[in-house]
Structures are given as C-alpha cells and as structure tokens.
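Asker:
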Amino acid sequence: MDTQIKNKSELLRGGQFLVKETKAEDVFTPEDFSEEQKMMRDSVKEFVDREIVPKKERFEHKDYALTEEIMRKAGELGLLGVVVPEEYGGLGMGFVTTMLVCDYISGATGSIATAFGAHTGIGTLPITLYGTEEQIRKYVPKLATGEWFGAYALTEPGAGSDANSGKTKAVLSEDGKYYSITGQKMWISNAGFCNTFIVFARIEDDKNITGFIVENDPSNGISLGDEEKKLGIHSSSTRQVFFNETKVQAENMLGGRGEGFKIAMNALNVGRIKLAAASLDAQRRVITEAVKYANERIQFKVPISSFGAIKLKLAEMATNAYVSESASYRAAKNIEDRIALRVAQGNSHQEAELKGVEEYAIECSILKVAVSEDIQNCADEGIQIFGGMGFSADTPMEAAWRDARIARIYEGTNEINRMLAVGMLVKKAMKGHVDLLNPAQAVASELMGIPSFETPDYSELLSEEKEMIAKLKKVFLMVAGSAVQKYGTELEEHQQTLMAAADILIEIYMAESGILRTEKNAKRFGKDTQKEQLAMAQLYLYHAVDIITVKAKEAILSFSEGDEQRMMLMGLKRFTKYQNTPNIGELRRTIADKVISENQYPF
Numbered sequence: 001m002d003t004q005i006k007n008k009s010e011l012l013r014g015g016q017f018l019v020k021e022t023k024a025e026d027v028f029t030p031e032d033f034s035e036e037q038k039m040m041r042d043s044v045k046e047f048v049d050r051e052i053v054p055k056k057e058r059f060e061h062k063d064y065a066l067t068e069e070i071m072r073k074a075g076e077l078g079l080l081g082v083v084v085p086e087e088y089g090g091l092g093m094g095f096v097t098t099m100l101v102c103d104y105i106s107g108a109t110g111s112i113a114t115a116f117g118a119h120t121g122i123g124t125l126p127i128t129l130y131g132t133e134e135q136i137r138k139y140v141p142k143l144a145t146g147e148w149f150g151a152y153a154l155t156e157p158g159a160g161s162d163a164n165s166g167k168t169k170a171v172l173s174e175d176g177k178y179y180s181i182t183g184q185k186m187w188i189s190n191a192g193f194c195n196t197f198i199v200f201a202r203i204e205d206d207k208n209i210t211g212f213i214v215e216n217d218p219s220n221g222i223s224l225g226d227e228e229k230k231l232g233i234h235s236s237s238t239r240q241v242f243f244n245e246t247k248v249q250a251e252n253m254l255g256g257r258g259e260g261f262k263i264a265m266n267a268l269n270v271g272r273i274k275l276a277a278a279s280l281d282a283q284r285r286v287i288t289e290a291v292k293y294a295n296e297r298i299q300f301k302v303p304i305s306s307f308g309a310i311k312l313k314l315a316e317m318a319t320n321a322y323v324s325e326s327a328s329y330r331a332a333k334n335i336e337d338r339i340a341l342r343v344a345q346g347n348s349h350q351e352a353e354l355k356g357v358e359e360y361a362i363e364c365s366i367l368k369v370a371v372s373e374d375i376q377n378c379a380d381e382g383i384q385i386f387g388g389m390g391f392s393a394d395t396p397m398e399a400a401w402r403d404a405r406i407a408r409i410y411e412g413t414n415e416i417n418r419m420l421a422v423g424m425l426v427k428k429a430m431k432g433h434v435d436l437l438n439p440a441q442a443v444a445s446e447l448m449g450i451p452s453f454e455t456p457d458y459s460e461l462l463s464e465e466k467e468m469i470a471k472l473k474k475v476f477l478m479v480a481g482s483a484v485q486k487y488g489t490e491l492e493e494h495q496q497t498l499m500a501a502a503d504i505l506i507e508i509y510m511a512e513s514g515i516l517r518t519e520k521n522a523k524r525f526g527k528d529t530q531k532e533q534l535a536m537a538q539l540y541l542y543h544a545v546d547i548i549t550v551k552a553k554e555a556i557l558s559f560s561e562g563d564e565q566r567m568m569l570m571g572l573k574r575f576t577k578y579q580n581t582p583n584i585g586e587l588r589r590t591i592a593d594k595v596i597s598e599n600q601y602p603f
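Reminder that position 376 of the sequence shown reads as 376 in UniProt numbering, one-by-one numbering, no gaps.
#1: From Phe-17 to Tyr-178, what does the alpha carbon distance come to, in whole angstroms?
#2: Using the rule of at least 16 other Cβ atoms within 10 Å of the residue's Cβ for burial, across every protein chain shown, is Gln-579 buried or exposed?
#3: Indicate the three-state DSSP secondary structure (helix, strand or coil) for residue 612 in the structure shown.
#4: Within the chosen definition, does the stretch 200-208 reach the stretch 357-371 through at least 3 CB pairs nearer than 8 Å?
#5: Just mark Thr-529 as buried or exposed, buried being the case when its beta carbon has 16 or more other beta carbons within 10 Å.
#6: What would DSSP say about Ala-393, mapped onto helix, strand or coil?
#7: Please return the same chain residues whose Cβ sits closer than 6 Å to the Cβ of Glu-359, not counting the five positions on each side in sequence.
#8: Can you grab the Cα-Cα spacing for the pair Ile-52 / Pro-303, in whole Å?
#9: When the Cα atoms are used, what is the spatial distance from Lys-573 to Leu-268?
#10: Just tell me which of Glu-381, Asp-374, Leu-79, Ile-127 has its CA closest to the CA of Ile-112.
#11: Could you compute how far the alpha carbon of Gly-258 sits from the alpha carbon of Asn-220?
#12: Beta-carbon separation of Leu-143 and Ile-122 under 9 Å?
#13: Is there a Cβ of chain B sitting closer than 9 Å to that of Val-199, yes or no?
#14: Assuming Arg-72 is part of the alpha helix (DSSP H), what are its boundary residues?
#15: Quick check on Leu-425: does DSSP put it in helix, strand or coil?
#16: Does the beta-carbon of Ala-537 have 16 or more other beta-carbons within 10 angstroms, so that it is buried, or is it exposed?
#17: Helix, strand or coil: which one does DSSP assign to Ile-504?
#18: For the alpha helix (DSSP H) containing Gln-37, name the first residue and the last one.
#19: Since Val-140 is in the beta strand (DSSP E), which residue starts that stretch and which ends it?
#20: Could you say if the stretch 351-366 and the stretch 304-318 meet the contact criterion of at least three C-beta pairs nearer than 8 Å?
#21: If we call anything under 9 Å between Cβ atoms a contact, is Val-248 one with Phe-212?
#22: What did DSSP end up calling Arg-285 once you bin it into helix, strand or coil?
#23: Just to confirm my understanding: we take Glu-31, look at its own chain, exclude 5 residues before and 5 after, and list those with CB closer than 6 Å. What are they?
#24: On the criterion of 16 or more Cβ atoms from any shown chain inside 10 Å, does Asp-374 qualify as buried, or is it exposed?
#25: Return yes when the Cβ of Thr-98 is within less than 9 Å of the Cβ of Val-82, no when it is not.
#26: Starting from Met-568, trace the alpha helix (DSSP H) in both directions and tell me its first and last residue.
#27: Helix, strand or coil for Leu-462 per DSSP?
#28: Identify the residues that DSSP records as bridge partners of Ala-151: which are they?
#29: Work out the CA separation of Leu-341 and Ile-5 for me, nearest whole Å.
#30: Determine the direct distance from the alpha carbon of Ser-43 to that of Arg-50, and round the result to whole angstroms.
#31: Name the DSSP bridge partner or partners of residue 604?
#32: Under 9 Å between the Cβ atoms of Ser-236 and Asn-190?
#33: Can you name the residues that DSSP bridges to Arg-157?
#34: Distance check for Lys-427 and Arg-505, CA to CA, integer angstroms please.
#35: What residue from Gln-184, Ile-198, Gly-232 has the CA that sits closest to Leu-224's CA?
#36: Which of helix, strand or coil does DSSP assign to Thr-246?
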C-alpha cells in the first residue's frame, strides 16, 4: 500500500506536466462524470433556468434583494454547502463536484456567479480550512445552509495586488480578551447582506497580516459605503466596509497571529480554479445564444451562419470552451486525488484539502488566466455575431460582455497570476519538487547537436500533436532555463520575460489538456465519434504554436545576444515546426458545422 501511494504521489505533483508525459487514460474529462455528478449538474442547470434566466432583466437593474433571495434558495437546495463536510451541515462532496456546481450555477449572470463564489469560496473556506473546531461548529453550518452569508475583506484603497501591505489595525485589549479592529476595506462582495466577514488586519508592526472572523453588527463600529457603480455584475453587492474600533473576541482570530497572508493566498488558490469553472457555462451559453441568432438572422437571403466569417467565429469560440473545460476538470481531479491521497496517509480533512489545492497552485493560476480571457473573447465575438443588436441591452450579449470583464481582475489580476505561475514553478524546481534543471540541460545539449532528418511515423491518432506538445515543452525549458541562468533570484524583477514565459506555460497546459481529453475519448468511444473534438484539439494546438513562437522570440530577443541568441532562435524554429501542417479552414468548418446543425454548444 505504501509504495502504491508513494508512486501515486510522485505522479501527482503540481507543475510536473511540464517535465513528465501525462497519459490520456490518466486524465479526468467531463465524459467521466459519475451518475451522481450528472444528476447534480442537471439539478443545478434546472435551478438556473427556472430561477435566474427569466429574471435576467432584474439582475441588470441592481436588484440586490433578488441576489440575496436566489442565494437563500441555493442554500435550501444544499448548493452552498457542496464542499462542506457533512458533520458541519454540508454535502461533503469531492472537489470535482464542487467545480461542477460552481460551473453550472455561474453561467447565466455574473451577479450570482460573484455572490456564490464569494460566499462558498473566500467567505466560507478560510473557516473550514483554518478554523478551530469551535469556530467551524459555530459558523460553518449556518454558512453551508444559507442561513448566514459570508464575505471576505482583504483589499484596501492602498493594498490591492500587494495584499500584505494593508493598513487595517488590530489592537489587543489590556485584559487580552478581544481585539479592536480599525480600518477601511473596499470592493467587498456580498457586503450588503453578509453576516460574517473574514477580515485581515495587522497586529502591532507584524510583518504579516492576521485573519479574524468578524460578525456584521452595525452597533459594533461597522459601517458600509454606498453600493459601487460598476461596469458589470450589477446585482452583486459591492461596498466599502469601515471598521471603527470594532471589538472581536480573541478566540475569533483565524489561524495563528501573522498567518493571515498565508490564509489569504491559499483561499485565493481555490478561488482561482473556481473562477475558471465559473467562466465555463458562461461560454457554453454565449455560444448557444450566438449560434441560435446566426441561424435565424437572414441576410442576402441566407442565414448568416452559412457565411465563412461567422463559421470562423463559432469554431474558435467552441474550441476555446472545449479546451477550457478539458483543462479545468483535469486539474480539479488532480486536486481531488491529491486530497484523497493525503487523507489515506492520515491527514485531517482540513490539512488534506489545504495541501491538495496548494500543490496545484500553478495550475490554478494558469486556469484563472486562460479561462477568464476565453470568456471575454467569447462574449466579445458574441456581440459581433449579433451585430448592432449585440450592442443593445435588449439582447443577452451586452451584459455577458460586461460581466465577463471582471474575471480578468479579481482573485489576483491576470498579470499577477501570470508571474505567479512561473515564479511558483521556479520555486518548486529550487525545492526539488519539480526537476526542471536536468530537462533544461538536456534541451541545451540538444541545441548543440545535429537534428534528426528522419521522417517520423505519425500513423497513430494524435501522435504528431503529442510530439508537438513535447517540443513546446522544450521551448519553455529553453527560454525559462536561460532566463533563470541569466537572472537567478532576480528573475522576478524581469516582468516582461516572466509574462512571455507564462504565456508559453499556459498554452502548453491548455493545448495538452484538449489533446488528452480527445485522445482518451477517441480510444474508448471510437475515433468516428470524436471528429469535431479532434478538429478542436488540432485547431487549439495550431494557435498555441503560433502564440508560443511569438512569445518565445520576444523573450529570447530581450535577454540574449550573439551566438546564444542565434542558437535559441534556431532551436525555436526546430521546436515549433510541424511535419504536417493542419488545414485550418477545414478544421474550422468541421467544428462550426456541428455547432450550427445542433443549434447550441454541443460538446
């Protein structure tokens, strides 16, 4: 048993996708959902179509009471407690199921997506993961059922991305029984109707902030600013919160003194992958609305869906949605397996969940960036397909586009997450958790050698695509390896190089996820059933190769010169060269025709 767990744990490290080949049969895909998971998905969809979709107009007109009402109903159905262990009033379901609920409840309006995410994620999880038994028993059952709602108060006017620089103070009373909290927090989701805040404040001159569970009692020095006027998510309550000597019992400290920054960051890791999930059904719904309109809209005596320019858009939208979904559920299952592994090794549920998500923090950042950008592009193209009508608030695209825009900002901006993804990978390499050094040296040696001129055998399904992924990983190792060698620990100061390396990393993970899902399904359901999925995997990879070529060249030209630069540019050419370039027009037609004939996102 021990060796089995050890081997499994070796397979399951975050970031290792870059240096270890992942087999198709080892990835989890949406086609692997259990009957229980499918039932959960269908009940959430039914809830959204009954309770949210018919009221979309009200969400656009700042109906905060409606958001609260829908959240209560979600609580009554158990949807707010999916991840909460049963002994604390939740459903105690696995990580994949929590992703699934977050995915399908978030697609119809960003207002509910935000309220749900803020409550179930950063509003409840810090207590579940870091709370004492007393704290958990006191607060979590109420939060799991929707009797109470939670909010998370980290950001301040002067402390956004630099979260640990907050000025809010916590002063211990002389008798040591309580802390007085004074300070200002902003952009607090759910502030208008929450019962508890997770508040981060600094004790004395501590280097790191400390977390507290604070009950929302206006008579205890807590006051709220007006509802913020926002571009989107109109019915998500977002307010400033002011604390004026708010008394908090000492036993309401969350975790230990100075552990607030760690709590905040780990809560955000979960938030990041859940934000990716929250952007999935939004893509499916936008694509469905867009193709329905394209099939109905007649111009030049034919539906506009028959035009190549519209097919191009639908194909690209569907491809990104398919790959987003593939990568999100691949990582979710890795986290779930890691949690199970730690429980089997004797960790508490708290410890297992914390370490399981922390292990995949790189993937969480990758997904947050990629999927938030996909939903923005998807909604943008949705407006374009609707044409002038897309710009009108009477059609669904305008609100979808505005709601999507926040996803690139919260849970850490996409710029911060890009730098984090590469930074965390380099740190893991230095700790010996991911061996980047030896593979990077192997690539450097390969650059000095003579390339093979043999024609490879690509007769096996997706074998050229998988070979291309292996070569793209060499591009990352070449670029990142040289950058680390050149800058060492000062790499973090070279943000343009980090951003380029992050884009390479992101495209590798996403493209590989699409390919592995498709290969797994082609093997078990038959190649003929996956014609469009094969086209999507190939189309996404083609774009990934292009993006990686541009970003790698940018980085190489920025930090190298002379022979080293020439060598790396030659290597880049070699590692991004197709033996058989795909027919992009044909791939797009194949995908679009399927979407058009089904009149919805069909995958």
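Each residue gets a CB set at the ideal place from its N, CA and C atoms; glycine is no exception.
Remember, it's a predicted structure, so these values are computed and weren't measured experimentally.
Answerer: The answer reads as follows:
#1: Rounded to whole angstroms, the gap between the alpha carbons of Phe-17 and Tyr-178 is 47 Å.
#2: That one is exposed.
#3: In the structure displayed, the chain extends from 1 to 603; residue 612 sits before or after that span and is not available.
#4: With the cut-off at 8 Å, the stretch 200-208 and the stretch 357-371 do not touch.
#5: Flag for Thr-529 reads exposed.
#6: DSSP, read as helix, strand or coil, puts Ala-393 in coil.
#7: Closer than 6 Å at Cβ, skipping near neighbours: Gly-14, Arg-338.
#8: Answer to the nearest angstrom: the Cα atoms are 30 Å apart.
#9: Just so you know, the alpha carbons of Lys-573 and Leu-268 end up roughly 38 Å apart.
#10: Considering only alpha carbons, the answer is Leu-79.
#11: Rounded to whole angstroms, Gly-258 to Asn-220 spans 24 Å at the Cα level.
#12: Taking 9 Å as the cut-off, the Cβ atoms of Leu-143 and Ile-122 do not count as close.
#13: Among the chains of the structure shown, chain B does not appear; only one protein chain is present.
#14: Per DSSP, the continuous alpha helix (DSSP H) segment holding Arg-72 begins and ends at 64-76.
#15: In the three-state reduction of the DSSP assignment, Leu-425 falls in the helix class, which pools H, G and I.
#16: When all chains shown are included, Ala-537 counts as buried.
#17: Correct three-state label for Ile-504: helix.
#18: That run of the alpha helix (DSSP H) goes 35-51.
#19: Val-140 -> not in any beta strand (DSSP E); alpha helix (DSSP H) instead, spanning 133-145.
#20: The stretch 351-366, when compared against the stretch 304-318, does not touch it at the 8 Å Cβ threshold.
#21: Cβ distance < 9 Å, so Val-248 and Phe-212 count as in contact.
#22: Of the three classes helix, strand and coil, the one that applies to Arg-285 here is helix, per DSSP.
#23: Exclusion of the five residues before and after Glu-31 leaves Asn-521 as the residues of its chain whose Cβ lies within less than 6 Å of its Cβ.
#24: Around the beta carbon of Asp-374, 16 or more other beta carbons sit within 10 angstroms, so the residue counts as buried.
#25: It is a contact, given that the beta carbons lie within the stated cut-off.
#26: Where Met-568 is concerned, the enclosing alpha helix (DSSP H) stretches over 562-575.
#27: For Leu-462, the secondary structure class from DSSP, reduced to helix, strand or coil, is coil.
#28: Looking at the DSSP output, Ala-151 bridges to Phe-197.
#29: Confidence is the limiting factor: at Ile-5 the pLDDT is only 47, short of 50, which leaves the residue's position unreliable, though a coordinate-based value still follows. Rounded to the nearest angstrom, the two C-alpha atoms are 7 Å apart.
#30: Taking the straight line from one Cα to the other gives about 10 Å.
#31: With the chain running from 1 to 603 in the structure shown, residue 604 is simply not present.
#32: Here Ser-236 is near Asn-190, since their CB atoms are less than 9 Å apart.
#33: The residue asked about is misnamed: residue 157 is Pro in this sequence, not Arg. Paired residues: none, contrary to the question.
#34: Correcting the residue type first, residue 505 is Leu in the shown sequence and not Arg. Roughly 15 Å separates the two Cα atoms.
#35: It is Gln-184.
#36: If DSSP states are grouped into helix, strand and coil, Thr-246 belongs with the strands.
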